[in-house]
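For what it's worth, full-length UniProt numbering labels the leading residue of the sequence shown as 1, then goes sequentially. For glycine and all other residues, C-beta sits at the position ideal for the given N, C-alpha and C. Reading through the structure tokens given below for one structure.
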Amino acid sequence: MKVIEKYKQKKERREIFLYEKYKNYTIEQLTPILYDNDPLKRNAAIFCLQILSGDDVF
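Quick look at the structure:
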């Protein structure tokens with residue numbers, strides 16, 4: 001179980017890091033990340049776009 005917990009913690013830290021990295025990006029900067037191979041990057045970009053919301057996002 002310790003291995004699973006370590007993996008979860010590592011994933012959570014990476015998600016937080018990516019969110020912090022992308023939170024000041026513009027819509028134009030976030031859009032290409034939506035097509036990245038890394039699902040954590042895509043999810044962080046999606047989360048940032050959801051926070052931005054507005055008509056331009058939709």
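Practice prompt. Report buried or exposed for Y22, applying the criterion of at least 16 other Cβ atoms within 10 angstroms of its Cβ.
Written response: buried
Discussion item. What does the alpha-carbon distance come out to for the pair I46 and Y7?
Written reply: 22 Å
Worksheet entry | Nearest candidate by alpha-carbon position, reference R13, set L34, Q50, D36, L40 | For R13, the nearest C-alpha among the options comes from L40.
Worksheet item: From E15 to G54, what distance separates their C-alpha atoms?
Response: 24 Å
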